[in-house]
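Residues in the sequence shown are numbered from 676 upward in steps of one, following this note's numbering. Just so you know, even glycine gets a beta-carbon here, dropped at the ideal spot from N, CA and C. A short write-up of the structure that comes next.
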Amino acid sequence: MPFLSQKRLDAEIGALIPEITALRHTLHRHPDIRYEEHWTSDCIAGYLAQAGIHVRRGYAGGTGLVGEIGPDDGPIIALRADMDGLELQEITGLTYASEIPGHMHACGHDGHMAMLCGAAVVLARHAEKLRCRVRFIFQPGEEMGAGGALMVKEGVLDGVAAVFGMHGWPEFPEGTIALKPGYAMAGADWFSITVQGKGCHAAAPDSGIDPIVAAAHVVLSLQSIVSRELNPCEPAVVSVGRLSAGTATNIIPDRAELCGTIRTLSPEMQEKARAAVTRIAHGTAAAYGAKASVSFDSNSYAPLYNDPDMCAYAKQAVQAALGNHAFREVDSPSMAAEDFAFYLRQVAGAFLWLGIRRPGGDPPPLHSPRFDFNDAVLPAGIQVWISLAGAFPKTD
Ligand code: NI
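This is the structure:
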């Protein structure tokens, strides 16, 4: 028996949309960055409590929160939204633009929170019809904070049988869901390399050790990792994003610094690429008489793995909610990183891309100062969440 008739669901969600849209705009006005989501956390906790949902707070440094509904003895399905904004000055000119200078919801996490709140309200109204418990996870620090890893460590997946995440995706048409079974998003590492030379007069390079020349060779040598050391059938990226050294035209400085990122699509590739960056930096610097030290940010992100069985379940749920045409399975992974990977390392599940591209539109990309989540997809996102929870556990 379906959780609710589609007609009834459409009516309930339709009636809720003005409130959820207003909530989304309110959240957009108040973008809190990683681990500073205090206002946001209070706002979401208040909203869920008003709907009669029991909320546990204080996760991941304080701002993470978890709501839960459903029968005591059912299996648990977890649905997750991320909460943080970015350090970016918004230039959308929207009436509900960010009121915090230099902070912005430029990744659509305001939309993610609003959609999960909407689903929670509808599901809570009909909790007696659920065959599972539904855990709503609101997670801080997705952007470079690996908040997902903290939430998992603090037990938000305890007892959970399946976990799902959803992210607005400008590449796909609004109101559709795209899903890539298997490894779907890259693991990310961030590295820093210091090349220590010996400063001297630029007119007498033989009296010192030039760290700039050595660092330049390190940058070029790092490019051979993807082309020569990793499986050519698996995508990977090594990019240097910053290179700095020196103060004047006539001085060879003491040292050069560079930093960058590695993106890989399996734990094996991630390990191999990390080791190669370290070895090549040390060896290349040494070839020029300099010395490299290499460090990696402790917040590395794991590659994101969508469980094939859970993808099949999600496909059914999406098609039941939005129609067959709204679902597409895709072959290409994204080389962006996403800390939902930490949930999927612990419990089988899937990460859904919710299309937000307006008809005929060329939307600003995620993390652009012009980005805004597309309100037109709020009903579709809520429908998908409800369908995933309402049909769980699969009975046939
Ligand atoms: Ni995001």
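Asked                                                                                                    : Found
Contained beta strand (DSSP E) runs [length at least 3] in the region 714 to 775, N- to C-terminal order : 729 to 734, 739 to 744 and 751 to 757
Inside the region 846 to 909 only - alpha helix (DSSP H) runs reaching at least 4 residues               : 886 to 899
Rounded C-alpha distance that separates residue 972 from residue 819                                     : 10 Å
Runs of alpha helix (DSSP H) wholly within the region 795 to 839 (minimum 4 residues, chain order)       : 822 to 828
Nearest-angstrom Cα separation, counted from residue 933 out to residue 950                              : 17 Å
Beta-carbon proximity of residue 775 to residue 705, cut-off 9 Å                                         : yes
Nearest-angstrom beta carbon gap, residue 696 and residue 707 [assumed within contact, 8 Å]              : So it is not a contact: roughly 20 Å between Cβ atoms.
Which of helix, strand or coil DSSP assigns to residue 919                                               : strand
Extent of the continuous beta strand (DSSP E) to which residue 1002 belongs                              : 1002 to 1004
Segment limits, alpha helix (DSSP H) that includes residue 986                                           : 983 to 997
Proximity test, residue 816 beta-carbon vs the ligand NI heavy atom, cut-off 8 Å                         : no
Environment of residue 1058 [buried if 16+ CB atoms lie within 10 Å]                                     : buried
CA nearest to the CA of residue 1018, picked from 826, 733, 731 and 788                                  : 826
Residue 745 versus residue 915 - alpha carbon distance                                                   : 48 Å
Under the three-state DSSP convention, the category residue 1015 falls into                              : coil
Three CB pairs or more closer than 8 Å across the region 1036 to 1047 and the region 860 to 874          : no
Near the ligand NI: residue 703 beta-carbon under 8 Å from a heavy atom                                  : no
Distance between residue 781 and residue 762 (C-alpha atoms, nearest Å)                                  : 9 Å
Heavy atom of the ligand NI within 8 Å of residue 717 beta-carbon                                        : no
Candidates 966, 700, 800 and 942: closest to residue 785 by CA position                                  : 700
Cβ pair residue 723, residue 792 closer than 9 Å                                                         : yes
Exposure of residue 693, with buried meaning 16 or more beta-carbon neighbours within 10 Å               : exposed
Bridge-paired residues (DSSP) for residue 937                                                            : 864 and 913
Near the ligand NI: residue 757 beta-carbon under 8 Å from a heavy atom                                  : yes
Check: residue 783 C-beta below 8 Å from any heavy atom of the ligand NI                                 : yes
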